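The structure appears right after this line, and notes come after that.
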Amino acid sequence: MTIADVETVQDFEIRPLDAALGAEVIGLDLDQPLSAEDFRRIHRAHLDHHVVVFRDQRITPAQQIAFSRRFGPLQIHVLHQFQLADHPEILIVSNVLKDGKPIGLGDAGHFWHSDLSYKETPSLGSLLHAIELPAEGGDTLFANMHAAYDGLPAALKQKIEGLTAEHTYLARYAELQKRSPWRPNLTPEQIAQVKPVVHPVVRTHPETGRRALFVSEHFTTKIVGLPDDESRALLDELFAHSVRPEYVYRHPWRAHDLVFWDNRSLLHLAAGTPDHLRRVMFRTTIEGDTPF
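Printed below as a string of structure tokens:
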């Protein structure tokens, strides 16, 4: 491969979706070398639209990992049981059972959340590649937390200014274990990897400077410093507001879609797949920075 090959600019279009957020990329092949200019355009689209949908990407796991790493170091999910063989950077998201055992995390995204908000350095973004799609179901919903913050009543904005909240991976883990076979018992080592952390209720995006709500029904357990009843009432109000229909884009997956979303700007939710239909997705997660 020559330097000229690496810097070849591809002819592709970034087309905003008719939704509260998101854009699709048409005509780009991520199995080809990506020039600095092409990467700049993609990076800008990701910041502007929060979700970028790359259509018809027939890439390998190694190529997905390599592209993801251009945005930063990758984070390894605590459920190492569901890593792709020889590619620990990839979490298998799947409802498929093999020999009676799950091959991946089948209930990922059951509640609204931002990936890895329970870490000291939560995720910058996640990339999910469609490997095998069901004939029906399997949609993913995304909610714009910048718009949700902007849409708060002035009194509520003032009320949450400067507040912090606790996030923990274990918040609803036992509840999920009771519902399905997808959640294994965690080892002491895994539990040690997901100790509770505290982050601002409103975070500032480190690249754009925009403010966004940063709480979710899945991982946020309490507002620090408030009595339990006040904390619960305030969180419930913020959860309900943040996923109002006008802030949400519902993504119906197409074959070979690669979807890249900004966890600093969004919450997301899996709409669910019928049990008798197979769904297999590969996810990489990029490390972000400490929220402020």
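Quick note: the sequence shown uses full-length UniProt numbering, first residue 1, plus one each step. All C-beta atoms, glycine included, are put in the ideal place defined by N, C-alpha and C. No experiment lies behind these values; they were computed from the predicted model shown.
- Less than 8 Å divides the Cβ of residue 127 from the Cβ of residue 284.
- The C-beta distance from residue 134 to residue 290 rounds to 38 Å, too long to meet the 8 Å contact threshold.
- Annotation: residue 203 to residue 288 spans about 13 Å, alpha carbon to alpha carbon.
- Its chain contains 21, 50, 51, 114, 142, 143, 144 and 145 as the residues whose beta carbon lies nearer than 8 Å to that of residue 266, once the 5 sequence neighbours on both sides are disregarded; these appear in chain order.
- The stretch 201-260 is shown to contain whole beta strand (DSSP E) runs of 3 or more residues at 202-204, 211-213, 220-223 and 248-251, in chain order.
- Boundaries of the alpha helix (DSSP H) harbouring residue 175: 173-179, taken from the DSSP string.
- Contact between the stretch 237-250 and the stretch 25-45 is absent, with fewer than three C-beta pairs closer than 8 Å.
- Counting along the chain, no beta strand (DSSP E) covers residue 40; the unbroken alpha helix (DSSP H) around it starts and ends at 36-49.
- Across the structure, residue 96 and residue 106 are spaced so that their CA atoms are roughly 7 Å apart.
- Bridge pairing for residue 22: absent [DSSP].
- Taking the CA atoms as reference points, residue 28 sits about 37 Å from residue 200.
- With respect to residue 279, residue 132 sits close: the two C-beta atoms are nearer than 8 Å.
- Comparing alpha-carbon positions, the option among 16, 147, 194 and 233 lying closest to residue 214 turns out to be 147.
- When only Cα atoms are considered, residue 231 and residue 150 end up about 21 Å apart.
- In its chain, beyond the 5 residues on either side, 30, 256 and 258 have a beta carbon closer than 6 Å to the beta carbon of residue 57.
- Using a Cβ-Cβ distance cut-off of 8 Å, the stretch 181-196 and the stretch 205-212 are not in contact, since fewer than three pairs of beta carbons, one from each stretch, lie closer than that value.
- In the three-state reduction of the DSSP assignment, residue 159 falls in the helix class, which pools H, G and I.
- Non-local C-beta neighbours of residue 249 in its own chain, meaning closer than 6 Å and more than five positions away in sequence, comprise 19, 20, 21, 22 and 142, ordered along the chain.
- When secondary structure is reduced to three states using DSSP, residue 188 falls in the helix class.
- Excluding its 5 nearest sequence neighbours in each direction, residue 252 has C-beta neighbours in its own chain below 7 Å: 139, listed in chain order.
- Around the beta carbon of residue 292, fewer than 16 other beta carbons sit within 10 angstroms, so the residue counts as exposed.
- Per DSSP, reduced to three states, the secondary structure at residue 123 is strand.
- In the DSSP assignment, the residues bridged to residue 142 are 249 and 268.
- The residue from 100, 94 and 111 with its alpha-carbon nearest to that of residue 129 is 94.
- When secondary structure is reduced to three states using DSSP, residue 130 falls in the strand class.
- Going by beta carbons, residue 111 and residue 218 fall inside the 8 Å limit.
- Take residue 281, set aside five residues on each side of it, and the residues of its chain with a beta-carbon closer than 7 Å to its own are 93, 94, 128, 129, 130 and 131, in chain order.
- Rounded to the nearest whole angstrom, the C-alpha separation of residue 179 and residue 34 is 43 Å.
- For residue 287, DSSP records a beta bridge to 123.
- In the assembly as shown, residue 262 is a buried residue. Its beta-carbon has 16 or more other beta-carbons within 10 Å.
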